[in-house]
Each structure stands twice: as structure tokens, then as C-alpha cells.
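J.:
In the working numbering, the protein residues as written are 102 to 269.
1) Beta-carbon within less than 8 Å of residue 133's beta-carbon, same chain only, minus the 5 sequence neighbours each way: which residues are those?
2) Just to confirm, are residue 212 and residue 153 a CB contact at a threshold of 8 Å?
3) When the Cβ atoms of the stretch 194-210 are set against those of the stretch 161-171, are three or more pairs found closer than 8 Å?
4) Any idea which residues DSSP pairs residue 202 with across the strands?
5) By DSSP's criteria, residue 217 is part of a beta bridge. Which residues make up the other side?
6) Please state the DSSP three-state secondary structure of residue 118.
7) So does the stretch 112-131 actually touch the stretch 177-194, counting three or more Cβ pairs closer than 8 Å?
And the structure:
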């Protein structure tokens with residue numbers, strides 16, 4: 102029995118396939134493209150996505166959604182807001198200069214549960230990674246136009262053994 106399959110496709114096809122698989126309750130893995138989530142998630146990292154459980158998504162978590170231009174993105178939740186009975190998510194890339202916007206629960210399809218880099222797998226629920234994710238989300242809210250300042254802080258934090266594993 103084959104347990105792992107590989108597929109290469111364009112962005113729109115990836116979006117459709119990912120939404121279908123996540124909608125069926127499946128977990129998928131793929132290679133990240135782009136630098137919008139650097140340094141915590143980098144171009145070339147292998148990401149593991151699980152179906153979104155909106156009651157469990159928190160400030161600092163990384164989610165899969167499709168933006169208003171139809172592009173599938175993996176970005177961080179930097180704020181939640183109650184609108185009626187639903188909890189909307191304000192989403193932004195860690196290195197972005199602008200927010201993606203507020204998204205209703207039906208437009209968030211998956212959540213990053215782990216990633217692999219250089220042969221090491223890091224789970225998104227590990228306390229140090231959750232701390233770093235919250236730090237990135239807080240930076241996005243408090244200093245929306247100064248990602249370089251936090252790049253300096255991450256460079257400094259890489260020297261601390263506890264954080265080196267996540268930032269190197």
C-alpha cells in the first residue's frame with residue numbers, strides 16, 4: 102500500500118486540491134513557497150496542514166486560507182474578533198507590510214500543525230514555538246511596518262540554545 106504520494110501543480114490547482122482534502126478531514130503536507138512567514142516558516146520548509154478546527158485556532162496560530170484575489174496563503178492569526186455568533190480572524194504574513202484582512206470561519210480551511218526543516222520536525226503546539234508565534238503576532242499588531250526590527254531580535258534569539266532549534 103502506498104502511504105505517501107507526490108504531486109506538483111500550479112497555485113490554483115493546489116488551492117482546490119488542498120481545500121478538498123482538508124474538507125474530507127485529511128491532513129496534507131507540502132513545500133512552502135515564498136518568504137512571507139520568515140523566519141519561523143521559510144521557503145522550502147515542509148508544512149503539515151490539518152483541517153481547521155475554528156474553536157481551537159488561537160492568536161499566533163498559522164492558518165491556510167484563500168485571500169480576496171483567490172491566492173491560497175499560509176499566514177498567522179494576529180487577532181480574533183466576535184461578529185455575531187462567529188469569530189473572525191485577522192490574518193497577516195510575518196514579514197508583510199499589510200494585513201490580509203478579517204476572514205470568517207468558512208474561509209479558513211486548515212491549520213499548520215508541524216513543519217520540517219533540515220530533517221527536523223517541529224510541532225506547532227510545542228511551547229517554545231507557540232511563544233515565538235505569539236511574539237510574531239504581537240509584533241504584527243504593535244509594529245505593523247517594522248519587521249526589520251524584529252529580524253534583529255530573532256537574530257539575537259538564535260544565539261540562545263532554547264530558540265536556536267526554531268530559528269536556525
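Backbone N, C-alpha and C define an ideal beta-carbon position, used for all residues, glycine too.
T.: Here's the rundown:
1) Hits under 8 Å: 142, 143, 144, 145, 146, 147, 148, 175, 216.
2) A contact, by the Cβ cut-off of 8 Å.
3) Flag = yes, the stretch 194-210 and the stretch 161-171 touch.
4) According to DSSP, residue 202 bridges with 192.
5) Paired residue(s): 147, 222.
6) Assignment of residue 118 by DSSP, reduced to helix, strand and coil, places it in the helix class.
7) Contact between the stretch 112-131 and the stretch 177-194 is absent, because fewer than three Cβ pairs lie under 8 Å.
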